[in-house]
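Enquirer: Numbering (the UniProt record's numbering), first residue to last: 1 to 319. Even glycine gets a Cβ: it sits at the ideal position worked out from N, Cα and C.
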Amino acid sequence: MIKFENVVKEYKLKKDKAVTALKGISFEIEKGDICFYLGPNGAGKSTTIKLLLGILKPDDGKILINNNELKKKYKKEYLKRIGISIGNKSHLIWDIPVIESLKLVGKLYKVPEKVSDERIKYMAEKLNITHVLNKPAKFLSLGERVKSDMICALIHEPEIVYLDEPTIGVDILSKEIIFEFIKEHNEKNKTTFFITTHDISWVEKVNTKLILIDKGKKIYSGEVEKLKQNYKIPESFMIEFDKKIDINNFLDFKDKFLEFKTSDNKISFVSNNHNVHIEFINYCFKNYNVVRINEMTNKKLEDIIISITKKESEKYGQF
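(1) Looking at the unbroken beta strand (DSSP E) that takes in residue 48, where does it start and where does it end?
(2) Quick check on this structure: which residue in 131, 278, 231 and 260 has the alpha carbon closest to the alpha carbon of residue 301?
(3) For residue 186, which of 174, 206 and 170 has the nearest alpha-carbon?
(4) Are there three or more Cβ pairs, one per stretch, closer than 8 Å when the segment 213 to 225 is compared with the segment 25 to 37?
(5) Quick test of your reading: residue 59 and residue 5, contact by CB under 8 Å. State the CB separation rounded to the nearest angstrom.
(6) Have a look at 73, 193, 234 and 143 and flag the residue whose alpha-carbon is nearest the alpha-carbon of residue 30.
(7) Check whether the segment 110 to 122 touches the segment 64 to 75, counting contact only when three or more Cβ pairs, one atom from each stretch, lie closer than 8 Å.
(8) Thinking residue 156 and residue 111 are a contact (beta carbons under 8 Å), I'd like their distance in whole angstroms, please.
(9) Give the secondary structure of residue 192 by DSSP, where H, G and I count as helix, E and B as strand, and everything else as coil.
(10) Who are residue 238's beta bridge partners in DSSP?
(11) With H, G and I counted as helix, E and B as strand and the rest as coil, what does DSSP make of residue 111?
(12) In three-state DSSP terms, what is residue 174?
(13) By a C-beta neighbour count over all protein chains shown, 10 Å radius and 16 as the cutoff for buried, is residue 263 buried or exposed?
(14) To the nearest angstrom, how far is it from the Cα of residue 365 to the Cα of residue 254?
(15) Look at the alpha carbon of residue 317 and the alpha carbon of residue 132, and state the distance between them as a whole number of angstroms.
(16) Buried or exposed: residue 198, going by 16 or more other Cβ atoms within 10 Å of its Cβ?
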């Protein structure tokens with residue numbers, strides 16, 4: 001459905017200088033995917049969104065939507081079939097009731113009035129904002145405004161929805177409601193969602209597609225769970241014995257670990273080699289009375305992403 005083929009985008013600066021925001025990025029998103037597009041500030045996320053919306057044109061490479069290149073001839077039809085919600089910008093008219101803004105968006109997309117009213121009612125109930133529909137937008141909380149903008153983006157039942165930092169500054173409960181709403185809408189309508197976010201807690205809740213970029217380069221594309229399973233980060237363990245131990249009995253293993261500490265009847269160690277720490281644990285069980293063993297590593301997606309991004313920064317340097 002969405003395909004980037006070696007897309008390059010440069011921003012011209014003064015004195016014939018340029019910054020390359022995207023450096024030959026390629027990825028593919030299938031119909032019905034929920035795709036999270038992650039990266040630090042300056043990675044190229046906003047540039048990607050602007051390219052997908054047709055605001056910018058690539059300097060090289062192709063952008064294909066349903067096998068159609070995103071050019072003027074196709075763009076008008078394409079824009080009718082997408083929804084957009086940008087976290088720090090609103091579709092709502094500030095001084096009129098929210099429901100009037102929503103109805104106006106429905107009319108712009110030529111949604112029949114009865115159908116529009118039904119969709120507004122249904123989505124407002126799901127998002128728990130029925131009580132604010134008759135309030136002017138200027139009196140809404142941030143969470144209520146974001147939910148209302150979500151209805152604007154979906155009222156015409158688009159094939160693709162682009163959400164750019166949709167929950168920035170939103171409270172935890174509202175984030176949860178919005179996320180569950182997106183999942184349900186995706187399952188019911190097979191809508192494709194392309195979401196840029198810094199909120200990794202969202203990404204961890206569903207085994208969906210993740211694209212990770214940094215400094216204009218793609219550094220991962222695939223399922224969230226596969227990244228967590230395949231990417232190795234150091235693992236920490238603590239072994240407790242039934243009595244005080246002599247560190248001299250463990251010298252053969254000490255240098256094999258990133259960290260190795262003893263304290264009375266305990267050993268704590270950090271390993272980046274699964275086979276070595278399994279060998280050591282087996283050795284301990286075979287030769288000593290082990291009271292307990294605790295794995296202290298929580299393999300969080302955030303830690304993995306930070307680790308990958310750090311390695312890429314060291315590899316490619318700054319712009």
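Expert: Judging by the given coordinates:
(1) In the sequence shown, residue 48 corresponds to position 48, counting from 1. That residue, residue 48, is in no beta strand (DSSP E); its alpha helix (DSSP H) goes 45 to 52.
(2) Locating residue 301 in the sequence shown gives position 301, counting from the first residue. The residue with the shortest Cα to Cα distance from residue 301 is 231.
(3) As a working note, residue 186 is residue 186 in the sequence shown. Taking only the C-alpha atoms, the option nearest residue 186 is 206.
(4) yes
(5) Along the sequence shown, one-based indexing puts residue 59 at 59. Along the sequence shown, one-based indexing puts residue 5 at 5. Incorrect: roughly 13 Å between the Cβ atoms, too far for contact.
(6) Working through the sequence shown from its first residue, we reach residue 30 at position 30. Answer by Cα proximity: 193.
(7) no
(8) Translated into positions along the sequence shown, residue 156 becomes position 156. Translated into positions along the sequence shown, residue 111 becomes position 111. At roughly 5 Å, the Cβ-Cβ gap stays under 8 Å, so residue 156 and residue 111 are in contact.
(9) Reading the sequence shown from its first residue, position 192 is the one you call residue 192. Of the three classes helix, strand and coil, the one that applies to residue 192 here is strand, per DSSP.
(10) Mapped onto the sequence shown, residue 238 falls at position 238. Answer by DSSP bridge pairing, in chain order: 268 and 294.
(11) For the purposes of this step, residue 111 is taken as the residue at position 111 of the sequence shown. Note: residue 111 maps to coil in three-state DSSP.
(12) For the purposes of this step, residue 174 is taken as the residue at position 174 of the sequence shown. Correct three-state label for residue 174: helix.
(13) Counted from its first residue, the sequence shown places residue 263 at position 263. Its Cβ having fewer than 16 others within 10 Å, residue 263 is exposed.
(14) One cannot answer for residue 365 here, as it falls past the ends of the chain, which runs 1 to 319.
(15) On the sequence shown, residue 317 is found 317 positions in, with the first residue counted as 1. On the sequence shown, residue 132 is found 132 positions in, with the first residue counted as 1. With a pLDDT of only 47 at residue 317, under 50, the local geometry of the prediction cannot be trusted, and no value is derived from it.
(16) As a first step, residue 198 must be located in the sequence shown, where it is residue number 198. With fewer than 16 Cβ atoms within 10 Å of its Cβ, residue 198 is classed as exposed.
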